[in-house]
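Protein chains in written order, with this note's numbering: chain Z, 1 to 337; chain U, 1 to 337.
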C-alpha cells in the first residue's frame with residue numbers, strides 16, 4: 001500500500017501559502033518562507049520541507065512570530081549592513097538584505113549582513129546557495145537554543161549552531177555545505193527516543209553530565225558537539241559572531257526567551273560574502289577553473305560533494321514533482337481547520 | 001638527571017636570530033619569524049618553539065625560501081588587500097599587511113587580507129591573536145601539503161588545513177582557537193611510527209585507502225579529517241578560500257612544488273577581520289560584555305577555553321623563562337657550524 005501522495009512543486013507552494021495565510025502570517029512574510037519550504041521539499045531534505053509547516057504552526061500559535069513584521073535596514077558601514085527582522089521570519093529579512101550585501105561585497109570585495117530579531121525555522125543552505133549563485137563565496141552562521149554542552153562540560157550552553165558555506169562553480173550549481181556543530185540534529189535523538197532505541201556514545205550527556213546511550217536522558221540533559229574540542233570551539237565561535245557581534249542573543253538567551261514554548265529559536269544570523277573578482281580581478285575565471293580541480297579530486301576518488309545529494313533530488317523533483325507522506329499531508333491540512 | 005636547560009625569552013630570541021642569520025635569512029625576514037618562534041616557546045607549544053628552527057633550516061637549505069624577499073602590497077578593493085610574500089616567510093608578509101587590514105576593517109567594518117606566495121612554518125594563532133588584541137573578531141585559514149583524504153575517499157587531497165579564530169575580550173587576553181582540520185597533526189602520527197605504536201582508527205588510511213592502525217601505513221597513505229564529513233567539508237572550504245579565492249596554490253599544488261624536499265608548504269593564507277564597532281557602534285562595549293557570559297558558561301561548568309593552556313604557560317614563561325631540551329638545544333646549535 002502506497003502511503004505517499006504525489007504533489008507538484010506548485011502544489012507544495014500553494015499548500016505552504018494556504019497554511020501560512022491561515023496562521024495569519026502576512027503575504028510579505030509568507031513569500032520567502034514558502035519558497036524555503038518548497039526548496040526543502042524539492043531537495044528531499046525531509047525535515048526541511050512541508051514538515052516545517054507544522055513547526056511554523058506551533059511557533060506562530062505560541063505567539064512567537066510577529067506576523068506582519070517589516071524588516072528595517074540599518075546601513076552600518078561601507079561593508080556591513082544589519083536587517084532587523086522585527087520578530088518575523090529570517091527569510092524576509094534575508095531577502096531584504098541580500099541585494100545590499102551583494103552590492104557591498106561587489107564594491108568592497110567582502111561584506112557582511114547581520115540579521116537581527118528573526119525567527120529561524122530553516123536550514124542555512126538557501127542563504128549561501130543564493131549568494132554563491134550570484135558569484136560569491138559565502139558563509140552563514142546562526143545560534144539556536146542552548147541544548148549542547150561544550151567539550152569537557154556537563155550542561156547545555158551552545159545551540160546546534162550550524163555553519164554553512166557556498167562556493168560559485170561556473171556552469172554548475174554551487175558547492176554548498178551546511179551542518180550543525182552538534183554531533184547530530186536534535187530531531188535525530190528525538191527519533192531514537194520515540195523508537196525506544198539507544199543512541200551511540202558521543203551524542204549526548206544525561207542531566208548529571210555523564211555520557212549516555214539513553215536518548216531520553218540526552219534530550220533531558222545535553223547534546224554534544226561533533227569532533228570533540230574542535231567542534232566545540234566552532235560552536236563557541238558561532239555563538240559569538242552570530243550573537244554578540246551583531247548585537248543579538250546567544251543560544252542561552254534565545255532558550256530563555258522561548259520560555260518553555262519549545263518552538264523555533266529567535267535571534268540573529270551572520271552572512272559573509274566575498275567577491276572572487278575583488279581578490280583576483282581579470283584572473284578570477286582562471287582561478288575558479290582551478291578550484292574545479294579540488295572538486296574533481298574529491299569525486300574522482302569516489303567521495304561525495306556535500307551538496308550532490310540535494311542537487312540530484314532537485315533534478316528529480318523539478319522533473320517529476322515530489323511524493324509526501326499522506327499522514328504528514330493530513331496533519332498539515334488539519335492546520336487549515 | 002635534568003636533561004633540560006633554562007633559557008630566558010631574550011636568550012630564545014637571540015638563538016633564533018643567530019640561527020636564522022647563519023642560514024642566510026635577511027634581517028627583515030628574521031624579525032617576525034624569530035618573534036613567532038619566541039611566542040611558540042613562551043606559550044609552551046612544543047612543536048612551534050625553537051624546534052621549528054630545525055624545520056626552517058631544512059626548508060632554507062632545500063632552497064625553498066627566498067631569503068631576502070620583500071613583500072609587495074596590492075590594494076585590491078576597499079576591504080581587500082593582498083600581500084605577495086615573494087617566496088619568503090608568511091610572518092613578514094602578515095606584518096606588512098596587518099596595519100592595512102586593520103585600517104580597512106575599521107573603515108569598512110569587515111576586511112580580508114590574502115597572503116600569497118609565502119612559506120608557512122608556524123601555527124595561525126599568532127595572526128588571529130594579534131588582530132583580536134586590536135579589537136577585531138578574526139579568522140585565519142591556510143592550506144598545507146596534500147596529505148589528507150576527503151571523507152569517503154581513499155587518497156590524499158587536502159592539507160591539514162587549519163582554521164583559527166580570535167575574539168577580543170576587554171581587559172583579558174583574546175579568546176583564540178587554532179586547529180588542524182585533520183584528525184591529528186601529522187607529527188603525532190610520525191611520533192607513533194617512531195615509537196612503533198599503533199594509531200587509533202580514524203587517523204589514517206593505508207596506501208590502498210583502507211582504514212589502518214599502522215602509523216607507517218598512514219604516513220605512506222592518507223591522513224583523515226576530524227569529525228567525519230563535517231571536518232572534510234571544512235577542509236575543502238579552507239582549500240578554496242585560502243587557495244583559488246586568493247589566487248594561490250591548493251595543497252596538492254604545494255606538495256607538487258615541494259617536489260620531494262619534504263619541507264614547509266608554500267602558498268597562501270586568508271585572514272578576515274570584523275570590527276565589532278562597525279556592527280554595534282556605541283553599543284559595542286555592552287555586547288562584548290555580554291559575550292563574556294559565554295566564556296563564563298564554559299569555564300563555570302569546568303570546561304576549558306581553548307586558549308587557556310597557552311596563556312597559563314605564557315605567564316609562567318614571562319616570569320621564569322623557559323626550559324628546553326638539551327638535546328634539542330645542541331641540535332639547534334649544530335646549525336651554526
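Glycine included, each C-beta is placed from N, C-alpha and C at the ideal position. On a predicted model such as this, the values are computed, not experimentally measured, just so you know.
Under the criterion of beta carbons closer than 8 angstroms, residue 162 of chain Z and residue 142 of chain Z qualify as touching, at roughly 6 angstroms. Under DSSP, the beta-bridge partners assigned to residue 74 of chain Z are Z:82. At the C-beta level, residue 80 of chain Z and residue 279 of chain U come within 8 angstroms of one another. Within chain Z, 240 have C-beta atoms less than 7 angstroms from the C-beta of residue 167 of chain U, given in sequence order.
Among the CB atoms of chain U, one or more fall inside 8 angstroms of the CB of residue 227 of chain Z. Around the beta carbon of residue 286 of chain U, fewer than 16 other beta carbons sit within 10 angstroms, so the residue counts as exposed. Taking C-beta atoms as the reference points, residue 137 of chain U and residue 199 of chain Z fail to come closer than 8 angstroms.
At a C-beta separation below 9 angstroms, residue 4 of chain U has no neighbours in chain Z, since its nearest C-beta there lies roughly 28 angstroms away. In terms of beta-carbon proximity, residue 329 of chain U stays away from the interface with chain Z, with every pair separated by 8 angstroms or more. For residue 279 of chain Z, a Cβ of chain U is located within less than 8 angstroms of the residue's own Cβ.
At a cut-off of 3 residues, the continuous stretches assigned as beta strand (DSSP E) that sit fully inside the segment 204-276 of chain U are 266-274. The three-state secondary structure of residue 64 of chain Z, taken from DSSP, is coil. Cβ-Cβ distances below 6 angstroms link residue 313 of chain Z to 43 and 44 in the same chain, with the five nearest sequence neighbours on each side left out; the list follows chain order.
Under the Cβ criterion (8 angstroms, minimum of three pairs), the segment 113-124 of chain Z does not count as touching the segment 281-301 of chain Z.
Close to chain Z, meaning a Cβ-Cβ distance shorter than 7 angstroms, are the following residues of the segment 134-157 of chain U: 137, 150, 151, 152, 153, 154, 155 and 157. Close partners of residue 108 of chain U in chain Z (Cβ separation under 7 angstroms): 77, 78, 79 and 108. If you check the CB distance, residue 227 of chain Z and residue 226 of chain U come in under 8 angstroms.
As the crow flies, the alpha-carbon of residue 12 of chain U is around 23 angstroms from that of residue 263 of chain U. Cβ proximity to chain U below 8 angstroms picks out 107, 108, 109, 110, 111, 112 and 114 from the segment 91-121 of chain Z.
The distance from the Cβ of residue 146 of chain U to that of residue 266 of chain U is about 13 angstroms, inconsistent with a contact at the 8 angstroms cut-off.
Interface with chain Z (8 angstroms Cβ-Cβ cutoff): residue 262 of chain U is excluded.
Cβ-Cβ separation between residue 37 of chain Z and residue 16 of chain Z: approximately 5 angstroms, consistent with a contact (criterion under 8 angstroms).
Residues of chain U with a Cβ closer than 7 angstroms to the Cβ of residue 276 of chain Z are, in chain order, 245. In the DSSP assignment, residue 172 of chain Z is bridged to Z:169.
Taking C-alpha positions only, residue 299 of chain Z is separated from residue 234 of chain U by approximately 16 angstroms.
Contact of residue 335 of chain Z with chain U by beta-carbon distance below 8 angstroms is absent, the smallest such distance being about 34 angstroms. The beta carbon of residue 14 of chain Z sits closer than 8 angstroms to none of the beta carbons in its chain outside the five residues before and after it.
Residue 302 of chain Z belongs to the set of residues whose beta carbon lies under 8 angstroms from a beta carbon in chain U.
With respect to the C-alpha of residue 320 of chain U, the residue from U:8, U:68, U:294 and U:210 having the closest C-alpha is U:8. For residue 322 of chain U, no alpha helix (DSSP H) encloses it; the enclosing beta strand (DSSP E) starts and ends at 322-325.
In this structure the segment 193-211 of chain U does not touch the segment 190-205 of chain Z; the number of beta carbon pairs closer than 8 angstroms is below three.
At the C-beta level, residue 90 of chain U and residue 253 of chain U stay beyond 8 angstroms of one another. The criterion of a C-beta distance shorter than 8 angstroms is satisfied by residue 18 of chain U and residue 336 of chain U.
Taking a C-beta distance under 8 angstroms as the contact criterion, residue 187 of chain U and residue 205 of chain U do not qualify as a contact pair.
Apart from sequence neighbours up to five positions away, the residues of its chain that approach residue 304 of chain Z with a beta-carbon distance below 8 angstroms are 298, ordered along the chain.
Taken through DSSP and simplified to helix, strand or coil, residue 182 of chain U comes out as strand.
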